[in-house]
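Listed in order, the protein sequences are those of chains A and B.
Numbering of the first sequence is given in full-length UniProt numbering, commencing with residue 1 and proceeding in unit increments.
Numbering of the second sequence is given in full-length UniProt numbering, commencing with residue 1 and proceeding in unit increments.
Every residue, glycine too, gets a C-beta built ideally from N, C-alpha and C.
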Amino acid sequence: MGQDSERSGRIGRRGFLKGVSVAAGIGLAPWLAAACGNGPKAAPTKAGAGLDAAFFERPDGAIKDLSLDQVPAAQQKTSYEQWVARAEGAYDPPIKLTTVAQTSPVTKYPKGDTLAKNVWTRAYESRYGISVETKWSVDQSQWEQRTNLMIGSGDLPDFFLASQSQLDQLIRADLIADLTATYKDHATDQVRATILEAGPTALESAVYGGKLMAIPFVEQNETAPHWFIRKDLLDKAGLGVPKTMRELLDACAAFTSNGTYGLAVGPSPNQDLGYLQAFFNGYHAYRGLWIEKDGKLAYSSVQPEMRAALEQLQRMYKAKQIHPEFGTRTEEQVFEDWANGKVGLIQGRGSGPNGTDILKTNNPKAEVVALPVLSMDGEPAKAQVDQPNVRGYWVVRKGAEHPEALLKMLDFWVSTFYLTPSDEVQAAFISDGEEPNLWTLNKIALYRAYKNTDVHNTLTKLLDSKSADVASYRPEVRFWYDYLKPAFTGGKIDGYQYRSLVGYYGPNSGRAVQDLYRKQDLYMPDGFFGVPTATMSRRQASLDKIEAETFTKVIQGSPIAEFDTFVKEWKSVGGDQVTREVNEWREQQRARR
Amino acid sequence: MTESPAEAGEQVATPPRRRKRRTNARALHLMLVPGILVVLVYEYGPILGTVMAFQDYLPAFGFLNSEWVGLENFRFVLSLPDTWEVVWNTVSIASMKIVAGLIAPLATALLINEVGKKYFRRGVQTIIYLPHFLSWVILGGVLIEILSPTFGIVNQFLGLFGVEPIYFLGDNSWFPATLVGSDTWKEFGFTTVVYLAAIVTIDPTLYEVASVDGAGKLRQAWHITLPGMMPVIVLMATLSLGNVLNAGFEQVLVLYSPQVYDSGDIIDTFVYRMGLIDFQYSAAAAVGLFKSMVALVLISTSYYLAYRFAKYRIF
Chain A
1 MGQDSERSGR IGRRGFLKGV SVAAGIGLAP WLAAACGNGP KAAPTKAGAG
51 LDAAFFERPD GAIKDLSLDQ VPAAQQKTSY EQWVARAEGA YDPPIKLTTV
101 AQTSPVTKYP KGDTLAKNVW TRAYESRYGI SVETKWSVDQ SQWEQRTNLM
151 IGSGDLPDFF LASQSQLDQL IRADLIADLT ATYKDHATDQ VRATILEAGP
201 TALESAVYGG KLMAIPFVEQ NETAPHWFIR KDLLDKAGLG VPKTMRELLD
251 ACAAFTSNGT YGLAVGPSPN QDLGYLQAFF NGYHAYRGLW IEKDGKLAYS
301 SVQPEMRAAL EQLQRMYKAK QIHPEFGTRT EEQVFEDWAN GKVGLIQGRG
351 SGPNGTDILK TNNPKAEVVA LPVLSMDGEP AKAQVDQPNV RGYWVVRKGA
401 EHPEALLKML DFWVSTFYLT PSDEVQAAFI SDGEEPNLWT LNKIALYRAY
451 KNTDVHNTLT KLLDSKSADV ASYRPEVRFW YDYLKPAFTG GKIDGYQYRS
501 LVGYYGPNSG RAVQDLYRKQ DLYMPDGFFG VPTATMSRRQ ASLDKIEAET
551 FTKVIQGSPI AEFDTFVKEW KSVGGDQVTR EVNEWREQQR ARR
Chain B
1 MTESPAEAGE QVATPPRRRK RRTNARALHL MLVPGILVVL VYEYGPILGT
51 VMAFQDYLPA FGFLNSEWVG LENFRFVLSL PDTWEVVWNT VSIASMKIVA
101 GLIAPLATAL LINEVGKKYF RRGVQTIIYL PHFLSWVILG GVLIEILSPT
151 FGIVNQFLGL FGVEPIYFLG DNSWFPATLV GSDTWKEFGF TTVVYLAAIV
201 TIDPTLYEVA SVDGAGKLRQ AWHITLPGMM PVIVLMATLS LGNVLNAGFE
251 QVLVLYSPQV YDSGDIIDTF VYRMGLIDFQ YSAAAAVGLF KSMVALVLIS
301 TSYYLAYRFA KYRIF
């Protein structure tokens, strides 16, 4: 059913093609673009009166509606025609909006449909009189480069998704419209509630000089790192489910035997160490974050806590609890190990790790449970997350006639994607059973921070109760209920069902952990969420390089003193300067509020 | 290269014989137009883009409005602590590749040339140049598997002779050699074809004369084949010198990891991380321009050397 909009775990492609395309782009586009030139350089917008506190307040009633999983009886049979019927405030005559789009490699279009013309564009047309034209589309991996070229050429569509640094440039070059009034007058309560569910920083990060310059594409909050552990191996070793980091380490040692590794360590997309955040977090160490220290922001990877965590990893590497070649293995190989039962412990981010289905199919005794990050001492461990949870910013070209059309489309998106009333609407817009990714065809979106966790909670309640009246629930809940029911009534389930159970909707699933994080607020957010500072953007590659190099080498047995050398080097190569700039940013940020 | 109707009209007045020759030449020149256009658009056009090396280039401002910073980008790149390590890696890896890439195909061509059976020669030729057509993404996956110290076939084979497992892709002392070896293996078959073609042009009577004089196969190779191939060898060497700052972007990107940054991080991969992941277009352009300047000097030098020592020249 794939409503799970979370970033896929398989990003391990080394993406040099991406590089090649940009390299070509760098060469060619500029001189084509140079001829056109761009608008005059505008002075940065002066700080205005500022937006009042009410601007950042979540509309009360709306959020209740959002987390409501039951459909009012009157709506349960909504037909497609009713759903797309002309709305109040539709444009007459119809208007045209241009945009650019990301393609999804997995989506197959229903007969005759394309990315440019599909159920979503038809709905915008019939419901609001908005005809959306897609000027070009490109695979997600090339998105930022391609939009940079577009911005360079000065040929902007009416609206598009910009990255944070693009937003910053667009504002400085005075190319995009101020959306303050548009948002105040046209954002419906459910749209506002969706954006503000991610926390006030999401909206704040789009405010420049007292003006809202973009609509943040808010992301899920439910993807913080946690553990997946093999319960059957714990039982075999006579161990209980770990409650502390120490017990977790004991379990790793117990799992390790010839050819089986306690802890899975893999590369992240850019070949750096991944799958270790949950480990570091157990030591109150955080990778690549700006954390509060002595009243200032400090870089987390150079703190003493990190040193202790690395020392422990080194001990584990020596004891063969980590794959000896972790430094050169691909992400796929890590998942293969998991699937083949060669690993006892792996980090997840809400959903179940790839390969869990194979693991269960090949080894029916295998049992996986999710654990939150566990602490090394008495103090509760916190899971590191990016803040604000923003995937990008919806910007409107300066001079576009109908910026408010954007908010109509967003309202339709929230209504359809999150509040689907009937199977017919579900099948038309989101998933018709054959194509689970119809929803990716829409041109504009926002993601709720905790939708999947809410579905998890509802489902847990439904599956627990003996006489659940499922009929009145939304299609997504009903789908998962039917899909997972056998697991709770003693029926046979296959590997895929088991993977959903472990990742999403079982009592010990990743989503249950995310719910725990949410309820107890066990997040360690990134204190810096501005545009990369001058030194940061210049030195980041060098700083990341020594960090990755040192961490890998220390784990593989280099003396721990190398960590201290790294900290010194990090500071002198630009880290100190970056720290100063980050703290300056924070002062400005505070003044802005 | 535009041909106006007026010019075409004038041609009518010229004497018949001359006109015929001129028209032929004109048709040939016209055939050059598409090629020249392609070169202008795709090779010369982008040169204008190098202005961004002297700017603080931001896409939203374009070329006309981005701030001019003079040589700041070059200064910045040279001030990075990684720069010299990365340049050294690039030059050393590229030089080893150039040497290996000259010797291996040459030796292979000489050996294949001595094989009498035609089907065998063809077969060997085909098999050894096949890897040339595979991308590094595919070969990278294969190499990671077969070079693994724990389960890779190469180390298992070495184990039979009592050799300790070698971590080809994770050990700084082995990584450059692995790069050079695998690159040579991938490309030597293709270059061999060029040398074989050069051997074919050698006059067979020379060999007959030599064998009458009592020269064996080795002597023939040394005194006839090699001198006969010399212009091509010099040409190949000359051409490859321009690549001394290209150590193979794709290959390194697929095979390297943080533990071999010390010996394997090359200019292109560092620029990739800095310029294309962090979107530092100007700095990346500065490095690109710097690389081109060095390549220009190297090619000019080697061209001059080729003329001095092998009397080889294009112009």
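- In this structure, the beta-carbon distance from B:L160 to B:S257 does not fall below 9 Å.
- In the three-state reduction of the DSSP assignment, A:G238 falls in the coil class, being assigned neither a helical nor a strand state.
- Within 10 angstroms of the beta-carbon of A:E331 lie 16 or more other beta-carbons, which makes it buried.
- Across the region 74-87 of chain B, CB contacts with chain A closer than 7 Å involve F76, L80, P81 and D82, in sequence order along the chain.
- Chain A has no Cβ within less than 9 Å of the Cβ of B:N246.
- Between the region 518-530 of chain A and the region 381-397 of chain A, the count of Cβ pairs shorter than 8 Å is three or higher; the stretches touch.
- Nearest neighbour of A:N258 by Cα position, chosen from A:A319, A:G199, A:K296 and A:E125, turns out to be A:A319.
- None of the residues of the region 228-240 of chain B has a beta carbon lying less than 8 Å from any beta carbon of chain A.
- For A:T98, the uninterrupted beta strand (DSSP E) segment begins and ends at I95 to T103.
- Against chain A, the CB of B:M274 has a partner CB under 9 Å away; the residue lies at that interface.
- The three-state reading of DSSP puts B:G162 in coil, since its state is none of H, G, I, E or B.
- Linking A:K77 to A:D69 through their CA atoms gives a straight-line distance of about 16 Å.
- C-alpha of B:M229 to C-alpha of A:Q145: approximately 46 Å in a straight line.
- Contiguous alpha helix (DSSP H) elements confined to the region 131-163 of chain A occur at 143-153, taking only those with 4 or more residues.
- Contact between A:E424 and A:Y109 is absent: CB atoms are separated by about 19 Å, not below the 8 Å threshold.
- A:M213 carries a coil assignment under DSSP once its states are collapsed to helix, strand and coil.
- A:P216 has its alpha-carbon roughly 28 Å from the corresponding atom of A:T458.
- DSSP links A:E292 through a beta bridge to A:L297.
- Taking 9 Å as the cut-off between beta carbons, the residues of the region 137-151 of chain A near chain B are E144, Q145, T147, N148, L149, M150 and I151, in sequence order.
- Rounded to the nearest angstrom, the gap between the Cα atoms of A:F551 and A:P304 is 13 Å.
- Identification of chain A residues near B:D183 by a Cβ-Cβ cut-off of 8 Å yields none; the smallest Cβ-Cβ distance measures about 15 Å.
- In the displayed model, A:H186 falls within a helix according to three-state DSSP.
- Burial state of B:W136 is buried, judged by a 10 Å Cβ sphere holding 16 or more other Cβ atoms.
- Per DSSP, A:M376 has no beta-bridge partner at all.
- The C-beta separation of A:I229 from A:A405 comes to about 49 Å, leaving the pair out of contact by the 8 Å criterion.
- Between the region 245-261 of chain B and the region 39-56 of chain B, the count of Cβ pairs shorter than 8 Å is below three; the stretches do not touch.
- Between A:F56 and A:E204, the C-beta spacing is below 9 Å.
- The beta carbons of A:A253 and A:N221 sit no closer together than 9 Å.
- The beta carbon of A:A237 is closer than 6 Å to those of A254 in its chain, skipping five residues each way along the sequence.
- Within the region 276-295 of chain B, those residues whose Cβ lies closer than 9 Å to any Cβ of chain A are, in chain order, L276, I277, D278, F279, Q280, Y281, A283, A284, A285 and G288.
- Minimum Cα-Cα distance from A:S141 among the listed residues A:E125, A:A101 and A:Y91 corresponds to A:A101.
- Contact between A:G210 and A:L51 holds, since their C-beta atoms are separated by about 6 Å, short of 8 Å.
- Here the region 267-278 of chain B makes no contact with the region 157-171 of chain A; the two share fewer than three CB pairs at distances below 8 Å.
- Secondary structure note for A:I346: its beta strand (DSSP E) is the uninterrupted segment V343 to G348.
- A straight-line Cα-Cα distance of about 21 Å links A:R172 and A:R391.
- Take B:A221, set aside five residues on each side of it, and the residues of its chain with a beta-carbon closer than 6 Å to its own are L110, in chain order.
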